[in-house]
Amino acid sequence: MMTVRNPPEGYAGVTPYLTVADADAAIDWYQKALGAELKYRMEWNGKVGHAELAIGGGHFMLADEFPDMDMMGPGSRGGTTVGLLVYVPDVDLAHHRALAEGAKELHPLDNKPWGDRSAQIVDPFGHRWTLATHVEDVSNAEIDARMAKMAG
């Protein structure tokens, strides 16, 4: 008997599932702007019923809006309360590419006290992303000291 892996190979215990107004456009944008790789796409009633993309060593899923199932994206709901963080090999390049592809910048690139170089963007579909590259290992005590120094 085969052992079934839970979660499946390559997936984390928590996997983001995004709903967007135009899933095909979103898939294209995530591939171009964030370097995501489309792993699976399923159609349902002429729309993207489910898609899976790989990025930063993990996966996320997405689908078109299906209002009859109360699946609506940030644009239809007036915003999002969830942010996604993705580690990329070169955050400067990823940030530049995302902005060139139409993302809105929330917080510019800078080095953070916890050892990440990161920026925050909102993609054209209303989802908030933190793009990051881990550049320094920092202890919790050092993070606290750096934060205290920043607070003045």
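Each residue of the sequence shown is one higher than the one before, counting from 24 in the numbering used here. C-beta: ideal position from N, C-alpha, C; glycine also. Just so we're clear, the structure is a prediction, and the values are computed from it rather than from any experiment.
> Looking at C-alpha atoms only, which residue of PHE148, PRO136 and ASP47 is the closest neighbour of ILE166?
Replying inline: PRO136
> Are the beta-carbon atoms belonging to MET84 and LEU41 less than 9 Å from one another?
Replying inline: yes
>> When you compare the CB positions of GLY175 and GLU159, do they come within less than 9 Å of one another, or not?
In response: no
> Does the count of Cβ pairs from the segment 81-100 and the segment 121-131 closer than 8 Å reach three?
Replying inline: no
> Can you give the Cα-Cα distance for PRO90 and ASP47, rounded to whole angstroms?
Replying inline: 17 Å
> Would you call the segment 98-110 and the segment 119-127 touching, i.e. three or more CB-CB distances under 8 Å?
Replying inline: no
> With which residues is LEU108 paired in a DSSP beta bridge?
Replying inline: THR153
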